[in-house]
Amino acid sequence: NGIIENYLDLKRELETKGHRFVSRTDTEVVPHMVEEYLGQGLSLEEAFRKTINRLEGAYSIVLTSVEKPKTILCARQESPLVLGLGEGEYYCASDIAAFLPLTRKALILDEGEMAVLDPNGIKILKAKNGVAVKRDPITITWDPESAKKQGFRHFMLKEIHEQVHTIRDAMRTHEIYYDLLASKLMQADKVFVVACGTSYHAGLVGGQALMKLAGMNARVVIASEFSDEALDLVDSKTAILAVSQSGETMDTLNAVRDAKAKGASIVSVTNVLGSTLMRLSDVYIGQNSGPEIGVAATKTFTSQVTVLLRLAIAIGRKKGEVSSKEISELEDALHRTPALIQNLLNTKVEEVKKIAESCSGASSICFLGRGINVPTSLEGRLKLLELSYIPAMAYPAGESKHGFIALIEEGFPVVFVAPKDETHKKIIGNIMEMKARGARIISIIEEGDEEVRNLSDDVIEIPESLPSLATPIAYVVPLQLLAYYMSVILGHDPDYPRNLAKSVTVE
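So the mapping is simple: this note's numbering equals the position in the sequence shown, first residue as 1, plus 271.
Structure, rendered in structure tokens:
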């Protein structure tokens, strides 16, 4: 599991020594490097240890050899790896739940450690120097279902917290993959982004980023409408950028197949390698979110947005549409976002719970945003609708006076996504319009934004300033939490909302 960031350097080094690679995966450098050290006369254990000391990135690795079929070597760095102890048998896995039906005794590997499993038992070593580590096993008292949730009440809450890691994993994908996608899109005269649901909202962020960073007019179309709305415009000089967590969403696949039949190039972002979408694509990139059990997408949204922003950066850099300073600031923000979200999850959850409690009796709620955060508002609305079953709406804030404002009465909850960016002055005007008509104002703001705070009944503060394009990744998290806690307060199951499926494989 994970990503080896320096695999290209290692691959080139190994190729000069005669190693032949048969795949494009970064993982293949590991067996080749082990083979290289074995050829120098090292033992399997020492060859493995020297190999993992050459690796950069976040990973958990398990290796076996035909020379020692009853030995398993494993190591971890910023990616989970746990060991299970049975009766005369031993296990390794990324999650305790994988072996909990077989044993309740476990050893947890720490960062930078490796282990050797053989019929004699388990040996743990410091990977850096080979020094043995003595550690007693722990007894797991969770039931298998609780173990999968790792102490969280629901999968959705676990997956909201996992965004700290999944965004970081999305950032680790090597630039060479983005360059491949960028080149394919730059060859096209027309680009369409097609997706459904949460992936469509991520696509809307990506569309704006492609326009602002790369000067590319990428039209974002709901996949189910694509064939009726845009297929007549598709030809061999068209590129389709398809976004799907599962890679099996029927409406997205139909749009891709229709466009492919007319000669379009297919570029995709998906979470499931080997999926139908991946196989239909000329070029694809994995978003590295890991399994998402909760039906309502959370971590896959922020990973998709991260990947699409990096793609826009790659094209912008190639085309020279924006300054290197602007690109550097955005890249720095993307690297800072995981820590920012961790801070938010550590400090703001109780505030969100109180807001959820006070809104749980509302007959309807509206979400408003501007610019890059119109999609954030749409995603907040979708999460609340899916999980609480409360009718919810979302609009561009400037559009709210064209009809929606007629619904506003005393106490009507309106959630504003209001970062301190180029839209700030205008959204203050929208907040004042709603407040004057009695709306209850709930605002997601940048820490220290006194102007919006003074106009709001409740605020959730985002701990740091971010470039506008990066704000959806952080500002969506309070909206995910709001939907989750409202669902729980109302007695619903946030993991499995009624009438919904994780992967929509029908038209």
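Virtual Cβ for every residue (Gly too), placed ideally from N, Cα, C.
Item, Value
"Inter-stretch contact at 8 Å, needing at least 3 Cβ pairs: the stretch 429-448 / the stretch 561-570", "yes"
"Strand pairing of Glu-717, partner residues [DSSP]", "Ile-733"
"Of the residues Leu-737, Glu-316, Glu-500, the one placed nearest Leu-396, counting alpha carbons only", "Glu-316"
"From Ser-659, Ser-671, Gly-468, Asn-277, residue whose alpha carbon lies closest to that of Ala-568", "Gly-468"
"Among Thr-523, Val-685, Tyr-767, Ser-659, the one whose alpha carbon lies nearest that of Ala-665", "Val-685"
"Bridge partner(s) assigned by DSSP for Pro-684", "Arg-711"
"Where Pro-340 falls: helix, strand or coil (DSSP)", "strand"
"Which residues DSSP lists as bridging Pro-667, in chain order", "Gly-640"
"Burial state of Asp-766, where buried means 16 or more other Cβ atoms lie within 10 Å", "buried"
"Burial state of Ile-409 (16 or more Cβ within 10 Å)", "exposed"
"Beta-carbon proximity of Ser-659 to Leu-761, cut-off 9 Å", "yes"
"Which residues DSSP lists as bridging Arg-347, in chain order", "Ser-331"
"Local conformation of Gly-651 per DSSP, three classes", "helix"
"Meets three-Cβ-pair contact criterion under 8 Å: the stretch 508-517 and the stretch 595-612", "no"
"Range covered by the beta strand (DSSP E) that runs through Ala-567", "That residue, Ala-567, is in no beta strand (DSSP E); it is neither H nor E in DSSP."
"For Ser-539, the residue or residues it bridges with in DSSP", "Ala-513, Tyr-555"
"Identity of the residues DSSP links to Gly-355 by a beta bridge", "Tyr-362, Ala-377"
"Spatially closest choice to Ser-336 from His-303, Phe-426, Leu-326, by CA coordinates", "His-303"
"Straight-line Cα distance separating Gln-613 from Lys-570", "13 Å"
"Contact under 9 Å by Cβ, Asp-389 with Thr-342", "yes"
"Between the CA atoms of Thr-374 and Leu-615 - distance to the nearest angstrom", "36 Å"
"Simplified DSSP state of Lys-790, which is helix, strand or coil", "There is simply no residue 790 to check, as the chain begins at 272 and stops at 778 in what is shown."
"According to DSSP, residues forming a beta bridge with Gly-273", "Tyr-330"
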